[in-house]
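Taking it in order: structure first as structure tokens, then the write-up.
Below you can see the structure in the form of structure tokens.
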């Protein structure tokens with residue numbers, strides 16, 4: 001495994017776009033993993049992305065109904081964060097002006113492989129919580145399961161875009 005020279009990473013010259021992202025996010029490090037964690041922040045942001053990618057949720061009230069019981073102030077904050085980072089868009093619902101609809105952007109949809117990896121990693125070590133049938137599939141054909149989950153997530157995101 002190649003050693004990373006932290007000195008060279010810290011002294012790296014950044015483009016103006018990279019500097020804008022670092023400044024806007026208020027990140028504490030120039031490490032890409034650290035920047036991603038600054039964006040994602042906590043479990044709530046990832047669970048909102050899960051709800052959008054897997055369950056097709058698009059409305060504030062739908063997110064509130066998730067089993068983890070996110071509070072209204074946290075949900076509003078995390079949706080604003082995702083919008084600021086251009087992972088979701090926010091628009092007034094065409095059928096009901098009192099409702100706001102959140103949709104994944106391409107950047108948000110590109111989180112699907114990360115979510116699949118988290119699901120599979122967790123399933124490997126906590127299989128008691130996997131949906132029925134998934135434990136056996138994970139054991140026999142993990143690559144196929146990963147491919148199918150990703151297709152389902154991306155397919156759902158694509159089919160929702162087609163509805164517009």
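Numbering (UniProt numbering), first residue to last: 1 to 164. The beta-carbon is built from N, C-alpha and C at its ideal position, and this holds for glycine as well. Here the structure is a predicted model, which means the values were calculated and not measured.
Practice problem: Confirm, please, whether the CB-CB distance from residue 153 to residue 53 is below 7 Å. | Solution: Taking the chain shown and counting its residues from 1, the one referred to as residue 53 is at position 53. Taking the chain shown and counting its residues from 1, the one referred to as residue 153 is at position 153. Yes, the Cβ-Cβ distance between residue 53 and residue 153 is below 7 Å.
Self-check item: Proximity of residue 74 and residue 44 at Cβ, strictly below 7 Å
Solution: For the purposes of this step, residue 74 is taken as the residue at position 74 of the chain shown. For the purposes of this step, residue 44 is taken as the residue at position 44 of the chain shown. Against a cut-off of 7 Å, the Cβ pair of residue 44 and residue 74 comes out as a contact.
Quiz item: So is residue 116 buried or exposed if we call it buried at 16+ other beta carbons inside 10 Å?
Solution: The residue you call residue 116 lines up with position 116 of the chain shown. Its Cβ being crowded by 16 or more others within 10 Å, residue 116 is buried.
Quiz item: For residue 82 versus residue 112, is the C-beta spacing smaller than 7 Å?
Solution: For this step, residue 82 is matched to residue 82 along the chain shown. For this step, residue 112 is matched to residue 112 along the chain shown. Cβ distance not < 7 Å, so residue 82 and residue 112 don't count as in contact.
Practice problem: Using beta-carbon positions only, say whether residue 61 and residue 87 come within less than 7 Å of one another. | Solution: Position 61 of the chain shown, counted from the start, is the residue given in the question as residue 61. Position 87 of the chain shown, counted from the start, is the residue given in the question as residue 87. Contact: no.
Quiz prompt | Nearest-angstrom Cβ-Cβ length linking residue 118 and residue 130, presumed shorter than 8 Å | solution = As a working mapping, residue 118 is identified with position 118 in the chain shown. As a working mapping, residue 130 is identified with position 130 in the chain shown. 13 Å between Cβ atoms; not a contact.
Quiz item: Nearest-angstrom Cα distance between residue 77 and residue 68?
Solution: In the chain shown, counting from the first residue as 1, residue 77 sits at position 77. In the chain shown, counting from the first residue as 1, residue 68 sits at position 68. Rounded to whole angstroms, residue 77 to residue 68 spans 16 Å at the Cα level.
Exercise. For residue 51, count neighbouring C-beta atoms within 10 Å of its own C-beta (all shown protein chains included) and say buried if the count is 16 or more, exposed if not.
Key: For the purposes of this step, residue 51 is identified with residue 51 of the chain shown, where counting begins at 1. When all chains shown are included, residue 51 counts as buried.
Self-check item: Beta-bridge pairing of residue 103 - partner residues as DSSP gives them
Solution: What you label residue 103 is simply residue 103 of the chain shown in a count that begins at 1. According to DSSP, residue 103 bridges with 89.
Practice problem: Could you tell me the distance, in whole angstroms, from the CA atom of residue 70 to the CA atom of residue 79? | Solution: Taking the first residue of the chain shown as position 1, residue 70 is located at position 70. Taking the first residue of the chain shown as position 1, residue 79 is located at position 79. Near 12 Å, if we compare the C-alpha coordinates of residue 79 and residue 70.
Quiz item: Hey, residue 99 and residue 59: beta-carbon distance below 7 Å or not?
Solution: As a first step, residue 99 must be located in the chain shown, where it is residue number 99. As a first step, residue 59 must be located in the chain shown, where it is residue number 59. A contact, by the Cβ cut-off of 7 Å.
Practice problem: Within the same chain, show all residues whose beta-carbon is closer than 7 Å to that of residue 40, passing over the 5 residues directly before and after it, in chain order. | Solution: By 1-based counting over the chain shown, the position of residue 40 is 40. Hits under 7 Å: 46.
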